[in-house]
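Contents: one structure, followed by commentary.
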Amino acid sequence: MQAGIKIAGVEINPGDRISIDIPLPSFYTHSSVNMPVHVVHGRRPGPVLLVSAAVHGDEINGVEIIRRLLTQKSLDRIKGTLIAIPVVNVYGFVSKSRYLPDRRDLNRSFPGSEKGSMAARLAYVVMTEIIPHCTHIIDLHTGAVNRENLPQIRARLTGDPELEKLARAFGVPVILNAELLEGTFRSAAHGNGIDVLLYEAGEALRFDEVAIRAGVRGVLDVMSELGMRARSRKQRKVEAMIANTNRWVRAAQSGILRSLVATGSRVEVDDVLAYISDPLGENSEHLVSPVDGIIIGKTNLPLVFAGEAIFNIASYEEIDQVAENIDAYHEELDPSTDYLKSDEPPLV
Ligand SMILES: [Zn+2]
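Okay, so the sequence shown: first residue is 1343 according to my numbering, each after it adds one.
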């Protein structure tokens, strides 16, 4: 039997499943603000996994991933502990904004401080109340507003075969070996010796069914890899590949963008990716791919300024294999809207 834990003054015993509200600085209307946290504290000892979403307040796919995750029956028998925080940046979530009301980016404000800026205080609450309990984190993100990411895992994998195993277990076809950026949640948690996977999928302020299904399944499969739950009986088809590099293709001129490729497309050097022209259809220019690769991110807004990042392309050695994996993966997760009509736990 594992020991009890205490979060925000609340005692949680082995076998407990409980929702806690962690108090945050109130709105200036005097309305109180809480961060909702759900804890599933298993009877048997094991890893403590935090699944967090909406660190950027407008990145809402992860909120839905956590809602569906918490409907899974297998959570009743886990080894170790699952801590779920569907909305970390409560203020940004309410205002449908990536940022906090003081216009700071929470994901550049870690580890934070008790007496610092609004963002620093929120980061500090997470670092003091939650992080000391954790052994592993999956932080759920999406692309920015009007930007879409192909579902992908980002993690610092260099010299870390254990983390690489978890990244592969998540089961999306694209993994980026990504360095740590100072001030991010990932970097601060890493500094505390915690293994962190970042899941990037879909677009801000939108639900993306494939991204959500892949996210629920990914978290469950990582929990299996960690020994927190039994393995899914269903055999997963998709093998992940680690990208060596990725680069952005930028607009050479301002104008109206007509994009020819979707996320997940395989492109070759000099392939035409898009046309940009002015509103009269004059001064047309085409945007070509500088590399062989897979489109892992793109803008969805067809109005662009010169210099704007339009496509994110990842390069691989085994590119044919990656392209095949992405096709198989889309086939497997192709959304049916049936699930949206019910409150039943989804098939994942
Ligand atoms: Zn984000």
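Beta carbons: idealized from backbone N, C-alpha and C, even for Gly.
Flag residue i as yes when its Cβ comes closer than 7 Å to any non-hydrogen atom of ligand 1, and as no otherwise.
| i | result |
| --- | --- |
| Asn1449 | yes |
| Val1397 | yes |
| Glu1406 | no |
| His1483 | yes |
| Glu1524 | no |
| Glu1401 | yes |
Quick one: residues in its chain with C-beta nearer than 8 Å to the C-beta of residue i, no 5 flanking neighbours on either side, listed in chain order?
| i | result |
| --- | --- |
| Thr1587 | Ala1656, Ser1657 |
| Ala1665 | Arg1608, Ile1636 |
| Ala1594 | Ile1618, Glu1627, Leu1629, Ala1648 |
| Thr1605 | Glu1490, Asn1491, Leu1492, Ile1637, Ile1638, Gly1639, Lys1640 |
| Ser1374 | Pro1365, Ser1368 |
| Glu1567 | Lys1507, Leu1508, Ala1511 |
| Thr1526 | Asn1449, Arg1450, Phe1452 |
| Ala1616 | Leu1599, Arg1600, Ser1601, Leu1602, Val1603, His1628, Leu1629, Ile1652, Phe1653 |
| Leu1499 | Leu1505, Glu1506, Ala1509, Ile1517, Asn1519, Ile1584 |
In its own chain, which residues sit with a C-beta less than 6 Å from the C-beta of residue i, not counting the 5 before and 5 after it?
| i | result |
| --- | --- |
| Arg1510 | Ala1582 |
| Pro1443 | Tyr1433 |
| Trp1590 | Ala1651, Asn1654 |
| Ala1461 | Leu1442, Arg1446, Leu1448, Ser1451 |
| Val1381 | Ile1354, Ile1360, Ile1425 |
| Ile1668 | Pro1515, Gly1606 |
| Thr1679 | With a pLDDT of 47 at Thr1679, under the threshold of 50, the modelled position of this residue cannot be trusted, and the question is left open. |
| Ala1546 | Asp1400, Glu1401, Thr1484, Ala1486, Val1487 |
| Arg1409 | none |
| Ala1497 | Leu1505, Ala1509, Leu1539 |
Can you find the residues in the same chain that come closer than 7 Å, C-beta to C-beta, to residue i, ignoring five residues on each side of it along the sequence?
| i | result |
| --- | --- |
| Gly1346 | Glu1353, Ile1354, Asn1355, Pro1356 |
| Ser1596 | Val1646, Phe1647, Ala1648 |
| Gly1560 | Phe1512, Gly1513, Val1514, Tyr1541 |
How would you write the range of the beta strand (DSSP E) that residue i sits in, first residue to last?
| i | result |
| --- | --- |
| Gly1388 | 1386-1395 |
| Arg1489 | 1489-1497 |
| Met1565 | It is not in any beta strand (DSSP E) - Met1565 instead sits in the alpha helix (DSSP H) that spans 1551-1567. |
| Glu1624 | Taken as a continuous stretch (DSSP letters only), Glu1624 belongs to no beta strand (DSSP E), as it is neither H nor E. |
| Glu1521 | Neither: Glu1521 is in no beta strand (DSSP E) and is coded neither H nor E. |
| Gly1485 | Taken as a continuous stretch (DSSP letters only), Gly1485 belongs to no beta strand (DSSP E), as it is neither H nor E. |
| Val1379 | 1375-1383 |
| Phe1653 | 1651-1657 |
Starting from residue i, trace the alpha helix (DSSP H) in both directions and tell me its first and last residue.
| i | result |
| --- | --- |
| Glu1666 | 1661-1675 |
| Lys1457 | Taken as a continuous stretch (DSSP letters only), Lys1457 belongs to no alpha helix (DSSP H), as it is neither H nor E. |
| Pro1503 | 1503-1512 |
| Ala1531 | 1527-1533 |
| Arg1410 | 1403-1411 |
Is the region 1356-1368 touching the region 1476-1492 in the sense that three or more CB pairs, one from each, lie closer than 8 Å? no
If contact is defined by three or more beta carbon pairs under 8 Å, each pair taking one atom from either stretch, is the region 1607-1617 in contact with the region 1630-1650? yes
Using 8 Å as the Cβ pair cut-off and three pairs as the minimum, do the region 1390-1408 and the region 1472-1482 touch? yes
Determine contact between the region 1466-1475 and the region 1409-1420, defined as no fewer than three beta-carbon pairs at a distance below 8 Å. no
Examine the Cβ distances between the region 1566-1574 and the region 1515-1531 and report whether three or more of them are shorter than 8 Å. no
Stretch-stretch touch, CB-based, cutoff 8 Å, three pairs: the region 1550-1559 with the region 1500-1509: no
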